[in-house]
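A.B. asks:
Number of protein chains: 2
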Amino acid sequence: MRLIVGVDLGGTSIVVGTMAEDGSALWGEVSEPTPVALGPDAVIGRMVAMVGESLARTRQALGTDRLDIAGVGVGAPGPLDTDRGIVIVAPNLGWRDLPLRDRIADGTGLTATLDNDANCATLGEWWQGAARGGRVVIGLTIGTGIGGGIVLDGQIFHGASDVAAEFGHMTVDVTGRRCKCGNYGCLEAYASGPAIAARAVEDLEAGTPSAIPTYVDGDLTKVTAQTVYQAAHDGDPFALDVVRETARFLGAGIANLVNVLNPDVVVVTGGVTKAGDRLFGPLRIDVARRAFKPAVDACRIVPGTLPGTAGVVGAVAAFKVQHWGAV
Amino acid sequence: MRLIVGVDLGGTSIVVGTMAEDGSALWGEVSEPTPVALGPDAVIGRMVAMVGESLARTRQALGTDRLDIAGVGVGAPGPLDTDRGIVIVAPNLGWRDLPLRDRIADGTGLTATLDNDANCATLGEWWQGAARGGRVVIGLTIGTGIGGGIVLDGQIFHGASDVAAEFGHMTVDVTGRRCKCGNYGCLEAYASGPAIAARAVEDLEAGTPSAIPTYVDGDLTKVTAQTVYQAAHDGDPFALDVVRETARFLGAGIANLVNVLNPDVVVVTGGVTKAGDRLFGPLRIDVARRAFKPAVDACRIVPGTLPGTAGVVGAVAAFKVQHWGAV
Chain Z
1 MRLIVGVDLG GTSIVVGTMA EDGSALWGEV SEPTPVALGP DAVIGRMVAM VGESLARTRQ
61 ALGTDRLDIA GVGVGAPGPL DTDRGIVIVA PNLGWRDLPL RDRIADGTGL TATLDNDANC
121 ATLGEWWQGA ARGGRVVIGL TIGTGIGGGI VLDGQIFHGA SDVAAEFGHM TVDVTGRRCK
181 CGNYGCLEAY ASGPAIAARA VEDLEAGTPS AIPTYVDGDL TKVTAQTVYQ AAHDGDPFAL
241 DVVRETARFL GAGIANLVNV LNPDVVVVTG GVTKAGDRLF GPLRIDVARR AFKPAVDACR
301 IVPGTLPGTA GVVGAVAAFK VQHWGAV
Chain V
1 MRLIVGVDLG GTSIVVGTMA EDGSALWGEV SEPTPVALGP DAVIGRMVAM VGESLARTRQ
61 ALGTDRLDIA GVGVGAPGPL DTDRGIVIVA PNLGWRDLPL RDRIADGTGL TATLDNDANC
121 ATLGEWWQGA ARGGRVVIGL TIGTGIGGGI VLDGQIFHGA SDVAAEFGHM TVDVTGRRCK
181 CGNYGCLEAY ASGPAIAARA VEDLEAGTPS AIPTYVDGDL TKVTAQTVYQ AAHDGDPFAL
241 DVVRETARFL GAGIANLVNV LNPDVVVVTG GVTKAGDRLF GPLRIDVARR AFKPAVDACR
301 IVPGTLPGTA GVVGAVAAFK VQHWGAV
């Protein structure tokens, strides 16, 4: 059985795993913090070492010293030049024009490919997760920012210059909240993790009654999206309102995507999925209310089923697409 | 030389023309009002008669009685089932579940295909017009409503259930103007022809000074988008404001599409293009301000260059794609 190593490089952590080519198993999953402050050489060194570690664990798991390894698929934040394997700009890493694919290939002695991390996560959910069987798949990864991916007939859609699926900066309110990108009313300014926390804190500071402050010993600077979900889970009416409002903005954004692309699956991944049905219930209702009915009827909106590994699984799938034309 | 007849069926008029298979010439262009009130049989009868008329004129133009006709491509409002050649619902025509493709084939004795009118217009601009050479092409047709099309590598992108590219009902302002679809803040509620007129009239009724009323003998019910463009052309400051505001909303909508699809061409067709650089200047600035820079850099935003015939040209191109796999 041939193996492919998947590497998911994020601004916070690096996750590596080794997969059977047919997707039937994942071994040697390792996760470590990204040593961003030490610079690109250190980060690449860590990635290479983790590939070695993952393969060592895979050898152990399979009880063999001989592995047939096709190569390494890497998912990284971008924008990228996927054809040339270059990270053009990665603000969270402080990188610019870094030939990451070839550096990983040199370091590991293995063939490597590079693709966008959010694209990989979407492709991973299509190959092995919640979006299986979809012909037109949209992925939204909601965390510190909002990333996205489009998978058409099992292939990542890259657009004209490799930067398609920037869903976080769709305008949902032309005169709305300022986004850190400088514009007003971007989806990310409402529905990213930090935006959810910021919207809650603004109202709490204005005196809205809520149990949220008791979760952070009264220190509102410690409120995160997780705090809001926890309070909502515990029945706090204000926290429930914040989650419902989040669903409203996310619903407007997803309704736009449904109207534009007529997907059969929208898969939502990242921390926000922890809000569960409190989020997905109103979200589905709002999309149904806003989007074109025949497009709504064709589409299921689901949480991802590969938390933590969608990026690794998708990097492996992207390797297969780049090398063999299909997953 | 083989010929293909193109038919563009709209709620107001039917346009038919006969093209050389390679797109090098268009003969026998005929246009007539759509006899909507007489019902589908009358409309189909008119379409069939117009195909005959177009072919008669083509025979005359070419000075021959023998034409080699491959078939008829029809563009019609939808949603459609393109595979089965059926108009599922066409509100402007009052049609439901009409097997238009086969009715046209029966009436003309020619092979026929059916595709969405706005898809056809986009494909036409890609084949012979302003979007030539584009790999990822977005078309917006702005008239009574806002229709759209997506053309990827010379193929219409249909989505999962044949209703992709419903750009008119993208939300650009979650708490904004009510749209006739029942929702709030749809692009169409700001930037369609009737919406442009309605926005102007609201302010005029509230007493905003402007020369617009002099164009309609003081009867504000007669104000159309064309009136606004004409007054803007003549230098009326309020009319110029309305055009600039239109550019702002259209810019937010197009920026969303640029962020989602990373197109190399956005082609805008329909009456709104008559506002010319007064619209396209601020529109391009607004898209550049709102959308992701690498995506903006890859994209040109242009008015269509086939006014009146994009739909016919595109229906011919769609026939070629459906029959031979490519244009």
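Order-wise, the sequence lines are chains Z and V. Mind the numbering: the first sequence is residues 1 to 327 in the numbering used here, read in order. Mind the numbering: the second sequence is residues 1 to 327 in the numbering used here, read in order. Using N, Cα and C, we set each Cβ at its ideal position, and we do this for glycine too. Computed from a prediction, not measured in an experiment: that's the story for all the values here.
(1) Is any beta-carbon of chain Z found at less than 8 angstroms from that of V/Arg289?
(2) Name the chain Z residues whose beta carbon is nearer than 8 angstroms to that of V/Gly159?
(3) Please check if any C-beta of chain Z sits within less than 8 angstroms of the C-beta of V/Pro79.
(4) Is it buried or exposed, V/Asn256, if we count other Cβ atoms within 10 angstroms and call 16 or more buried?
(5) When you compare the CB positions of Z/Phe258 and Z/Val296, do they come within less than 8 angstroms of one another, or not?
(6) According to DSSP, is V/Val260 part of a helix, a strand, or is it coil?
(7) How long is the line joining the alpha carbons of Z/Ser54 and Z/Ala118, rounded to whole angstroms?
(8) Are the stretch 306-316 of chain Z and the stretch 123-141 of chain Z touching, with three or more C-beta to C-beta distances below 8 angstroms?
(9) With a threshold of 8 angstroms between beta carbons, is V/Asp173 in contact with chain Z?
(10) Measure from the alpha carbon of V/Ala160 to the alpha carbon of each residue in Z/Thr309, Z/Arg135 and Z/Asp241, then state which is nearest.
(11) So, at 6 angstroms on beta carbons, what are the nonlocal neighbours of Z/Ala189 in its own chain, with the 5 sequence-adjacent residues on each side left out?
(12) Are the beta-carbon atoms of Z/Gly149 and Z/Ala165 separated by less than 8 angstroms?
(13) So, helix, strand or coil for V/Glu188, using DSSP?
(14) How far does the alpha helix (DSSP H) with V/Met19 in it extend, from its first residue to its last?
(15) Alpha carbon to alpha carbon, how far is V/Asp115 from V/Gln155? Give it in angstroms, no decimals.
(16) Given this structure, state the Cα-to-Cα distance separating V/Tyr215 from Z/Gly182, to the nearest angstrom.
(17) Starting from V/Asn183 and walking both ways along the alpha helix (DSSP H), at which residues does that stretch end?
(18) DSSP has V/Glu330 in a bridge; who is on the other side?
(19) Give a yes or no on whether the minimum CB-CB distance between Z/Glu188 and chain V is below 8 angstroms.
(20) V/Val265 and V/Arg300 - do their beta-carbons sit closer together than 8 angstroms?
(21) Return the CA-CA distance between Z/Leu204 and V/Val242, expressed in angstroms with no decimal places.
(22) Cβ of V/Asn183 less than 8 angstroms from any chain C Cβ?
(23) Which of the three DSSP states is assigned to Z/Ala288 in this structure?
(24) With a Cβ-Cβ cutoff of 8 angstroms, do Z/Ala191 and Z/Ile138 count as a contact?
(25) Output yes or no for whether 8 angstroms exceeds the beta carbon distance between Z/Leu9 and Z/Ile69.
(26) V/His169 touches chain Z at which residues, Cβ-Cβ below 9 angstroms?
(27) Could you name the residues of chain Z that V/Val163 contacts, counting a contact when the two beta carbons are closer than 8 angstroms?
(28) Residues of chain V with CB under 8 angstroms from Z/Arg248, in chain order?
(29) Tell me the residue span of the beta strand (DSSP E) that contains V/Asn92.
(30) Return the chain-ordered list of same chain residues with a C-beta closer than 7 angstroms to the C-beta of Z/Gly11, the five sequence neighbours on each side being excluded.
(31) According to the Cβ coordinates, are Z/Val384 and Z/Val51 closer than 8 angstroms?
(32) Who are the Cβ neighbours of Z/Pro31 in its own chain at under 6 angstroms, not counting the five residues just before and after it?
(33) Where does V/Pro194 sit, in a helix, a strand or coil, going by DSSP?
(34) Z/Asp173 to Z/Asp102, Cα distance in whole Å?
(35) Which residue or residues does DSSP assign as beta-bridge partners of Z/Pro303?
(36) Between V/Gln226, V/Ala198, V/Ala288 and V/Asp106, which has its C-alpha nearest V/Lys274's C-alpha?
C.D. replies: Short version:
(1) Taking Cβ atoms only, chain Z reaches closer than 8 angstroms to V/Arg289, which makes this a yes.
(2) The contact set of V/Gly159 on chain Z, defined by CB atoms closer than 8 angstroms, consists of Val136, Leu261, Asn262, Pro263, Ala295 and Ala298 in chain order.
(3) By this cut-off, V/Pro79 is an interface position.
(4) Around the beta-carbon of V/Asn256, 16 or more other beta-carbon atoms lie within 10 Å, marking it buried.
(5) For clarity, residue 258 of chain Z is Val in the given sequence; the question names Phe instead. Contact annotation: Z/Val258 and Z/Val296 have beta-carbon atoms nearer than 8 angstroms.
(6) In the structure shown, the three-state DSSP call for V/Val260 is helix.
(7) Cα-Cα distance, rounded: 22 angstroms.
(8) Contact between the stretch 306-316 of chain Z and the stretch 123-141 of chain Z is established, with three or more Cβ pairs separated by less than 8 angstroms.
(9) Using a Cβ-Cβ cut-off of 8 angstroms, V/Asp173 counts as an interface residue toward chain Z, since at least one Cβ of chain Z sits closer than that to its own.
(10) With distances taken between Cα atoms, V/Ala160 lies closest to Z/Arg135.
(11) Close CB contacts of Z/Ala189 within its chain, under the 6 angstroms cut and outside five residues either way in sequence, are with Arg177, Cys179 and Ala195 (chain order).
(12) Against a cut-off of 8 angstroms, the Cβ pair of Z/Ala165 and Z/Gly149 comes out as a contact.
(13) The DSSP-derived three-state label of V/Glu188 is helix.
(14) Where V/Met19 is concerned, there is no enclosing alpha helix (DSSP H), although the beta strand (DSSP E) it sits in stretches over Ser13 to Ala20.
(15) Looking at the backbone, the Cα of V/Gln155 and that of V/Asp115 are separated by about 12 angstroms.
(16) A direct Cα-Cα distance of roughly 40 angstroms separates V/Tyr215 from Z/Gly182.
(17) Per DSSP, V/Asn183 lies in no alpha helix (DSSP H) and is assigned neither H nor E.
(18) Residue 330 of chain V lies beyond the stretch modelled for chain V, which goes from 1 to 327, so this question has no answer here.
(19) Taking Cβ atoms only, chain V never reaches closer than 8 angstroms to Z/Glu188, which makes this a no.
(20) Less than 8 angstroms separates the beta-carbon of V/Arg300 from that of V/Val265.
(21) Between Z/Leu204 and V/Val242, the C-alpha separation is close to 39 angstroms.
(22) Looking for chain C here will not work: the only protein chains present are Z and V.
(23) It is helical.
(24) Not a contact, by the Cβ cut-off of 8 angstroms.
(25) At a Cβ-Cβ threshold of 8 angstroms, Z/Leu9 and Z/Ile69 do not count as neighbours.
(26) In chain order: Ala255, Asn256, Asn259, Arg290, Ala291 and Phe292.
(27) For V/Val163, the C-beta contacts it makes with chain Z under 8 angstroms involve Asn262, Phe292, Pro294, Ala295 and Ala298, in order along the chain.
(28) Here the neighbours are Val174.
(29) V/Asn92 -> no beta strand (DSSP E), and no H or E assigned at all.
(30) Closer than 7 angstroms at Cβ, skipping near neighbours: Thr34, Val36, Pro77, Asn92 and Leu93.
(31) Past the edges of chain Z, shown from 1 to 327, lies residue 384 of chain Z, and the structure says nothing about it.
(32) The residue you asked about is not Pro; residue 31 of chain Z is Ser in the sequence shown. Same-chain partners within the cutoff: Ser13 and Val15.
(33) Three-state result, V/Pro194: helix.
(34) Taken atom to atom, the span from the alpha-carbon of Z/Asp173 to that of Z/Asp102 is near 42 angstroms.
(35) Answer is Z/Val268, bridged to Z/Pro303.
(36) When each option's Cα is compared against that of V/Lys274, the closest is V/Gln226.
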